[in-house]
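Just so you know, the sequence shown maps onto residues 278 to 542 in my numbering. Glycine included, every Cβ here is placed at the ideal spot set by N, Cα and C. Predicted model only: the values in this text are computed from it and were never measured.
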Amino acid sequence: MTQATESPAPESHLPAGPVPAAGSVDPAEIAKFAALAERWWDPEGPMKPLHRLNPARLGFLVGRLAAQAGRDPGAPKPLAGLRLLDLGCGAGLVSEPLARLGATVVGADATPENIAAARAHAADQGLAIDYRATTAEALVAAGESFDAVLALEIVEHVADPPAFVADLGRLVKPGGQLLLSTLNRTSKSFLMAIVGAEWLLRWLPRGTHDWKRFLKPSEVTALLRANGFSLAEITGLVFNPLDQGWRLSARDLDVNYLLAAERAH
278 MTQATESPAP ESHLPAGPVP AAGSVDPAEI AKFAALAERW WDPEGPMKPL
328 HRLNPARLGF LVGRLAAQAG RDPGAPKPLA GLRLLDLGCG AGLVSEPLAR
378 LGATVVGADA TPENIAAARA HAADQGLAID YRATTAEALV AAGESFDAVL
428 ALEIVEHVAD PPAFVADLGR LVKPGGQLLL STLNRTSKSF LMAIVGAEWL
478 LRWLPRGTHD WKRFLKPSEV TALLRANGFS LAEITGLVFN PLDQGWRLSA
528 RDLDVNYLLA AERAH
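Here you go:
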């Protein structure tokens, strides 16, 4: 793992062990994304960074999920037989391609406007995706469990990350995996994700992210281990300003990163 340059923000002190379930929803964060719901599928709209990020992100996700299913990721319907939860699914930018690859997908988001947009788009595409306006703790209370859970660009928006990760542990079946992506809390991420993406380039509405909520890989992995997961793989997502695309880099975790963690049998 590349050692990131730390910003002078105070260290967080996260609980070392499992924590009881608690509310993950932050009303202010929900309101931010509700305002963007109608434009999720506009590749030149406020979600343009996610559209640009999606090919590299999907490459990682499909590779991990196909391996879990024992299939070649290039085979037809390589995710058939897997029941997946896309938690914080937004309007379905990841749920839809995974469904096309054969997975049974439950897309969950705490923002009803996002779920309405997701359902409408899936219907237009002829895709059967089980979209629900719900939360992680509600799914736990309902006794749900999945072969794999995706938590992409969500942990930095929840009210209580330790409780949220504990709920993720309850939602992944024994032997299943968690696929998580977020932003590192470094000076570089502040410059690129806040100053660059929001203030200067205006790729995202100002205030979309709060840098103090970003989590270092060490903090995320500590929470995962405390809740029955072992880290299987971690890689960075690096932006290329020349082609406006993204690529995976195991050596650069300074801004965006993806990880796969496996739950013990």
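Just verifying my parser: in three-state terms, what is the DSSP assignment at residue i?
i: Trp523; result: strand
i: Tyr534; result: strand
i: Thr381; result: strand
i: Arg316; result: helix
i: Pro438; result: helix
i: Pro323; result: coil
i: Arg409; result: strand
i: Asp386; result: strand
i: Ala419; result: coil
i: Thr430; result: It is Glu, not Thr, that sits at residue 430 in the sequence shown. Three-state DSSP puts Glu430 in coil, outside helix and strand.
i: Phe446; result: Note that residue 446 corresponds to Gly in the displayed sequence, not to Phe. Note: Gly446 maps to helix in three-state DSSP.
i: Ala425; result: strand
i: Arg540; result: strand
Cβ atoms of residue j and residue i: under 8 Å apart, would you say?
i: Leu342; j: Val371; result: no
i: Thr388; j: Ile307; result: yes
i: Gly403; j: Asp386; result: no
i: Ile406; j: Gly453; result: no
i: Gly505; j: Ala541; result: yes
i: Val497; j: Thr463; result: no
i: Pro323; j: Leu313; result: yes
i: Leu508; j: Ala333; result: no
i: Leu272; j: Gly513; result: In the structure displayed, the chain extends from 278 to 542; residue 272 sits before or after that span and is not available.
i: Phe441; j: Asn461; result: no
i: Ala393; j: Asp444; result: no
Candidates the options: which alpha carbon is nearest residue i's?
i: Asn391; options: Tyr408, Gly379, Thr381, Val382; result: Tyr408
i: Leu330; options: Glu539, His542, Asn517, Leu536; result: Asn517
i: Phe467; options: Lys489, Trp480, Pro326, Glu496; result: Lys489
i: Arg396; options: Glu539, Trp317, Lys493; result: Trp317
i: Arg502; options: Ile511, Ile471, Glu433, Glu539; result: Glu539
i: Ala380; options: Leu356, Glu373, Asp401, Ala436; result: Leu356
Can you check whether the C-beta of residue i is within less than 8 Å of a C-beta belonging to chain B?
i: Ala509; result: Protein chain content of the structure displayed is limited to a single chain, and chain B is not contained in it.
Point to revise | Contained alpha helix (DSSP H) runs [length at least 4] in the stretch 464–517, N- to C-terminal order | key: 494–503
Review point. What residue ranges within the stretch 325–375 form continuous alpha helix (DSSP H) runs of no fewer than 4 residues, ordered along the chain?
Key: 325–346
Exercise for review: Evaluate the contact criterion for the stretch 358–371 versus the stretch 521–537: three or more CB pairs, one atom per stretch, below 8 Å.
Suggested key: no
Exercise for review: Say whether the stretch 447–463 touches the stretch 414–429, bearing in mind that this needs 3 or more beta-carbon pairs closer than 8 Å, one atom from each stretch.
Suggested key: yes
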